[in-house]
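Residue numbers for the sequence shown follow the numbering used here, beginning at 1 and rising by one.
Just so you know, even glycine gets a beta-carbon here, dropped at the ideal spot from N, CA and C.
Below: the structure, in structure tokens.
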Amino acid sequence: MKVTPTQTTSRGSSTSSYLSRPNIVFLRSVTFFPLTAGCSQNLDPGPCRDYVVKWYYDATSNSCAQFWFGGCQGNQNRFDTEKKCRETCVKDGHE
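Given below as structure tokens:
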């Protein structure tokens, strides 16, 4: 704790008082998942039924394909665009 001295005067006499100022430190926790984490996972459309078209990486064919994502859960092997899927997962010299 940092202490800051102050001077006050009262009718010609001097007194010292101290104001304390707490040191506050804010910490933020960040979880990092490498972009390639989903590339090794199997297709998982999730259990929900709010279907939207997404892209997944098929490691067997080293290519990306569309699938119906249910809107919840699933895994990291899910991309909004074919381009993002290819940039993240497709190995050079293929597709």
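Helix, strand or coil for residue i? Go by DSSP, reduced to three states.
i	result
C48	coil
F33	With a pLDDT of 46 at F33, under the threshold of 50, the modelled position of that residue is not reliable, and the figure given next carries that caveat. If DSSP states are grouped into helix, strand and coil, F33 belongs with coil.
Out of the options, which one is the CA nearest neighbour of residue i?
i	options	result
F79	T60, K91, V52, S61	V52
Give me the DSSP bridge partner(s) of residue i.
i	result
D58	S63
V53	W68
Below 8 angstroms on the Cβ atoms is my guess for residue i versus residue j; work out the distance and round it to an integer in Å.
i	j	result
C39	A59	7 angstroms
G74	D50	Not quite, the Cβ-Cβ distance comes to about 12 angstroms (not below 8 angstroms), so this is no contact.
The stretch 42-50 contacting the stretch 80-92, beta-carbon criterion three pairs below 8 angstroms: no
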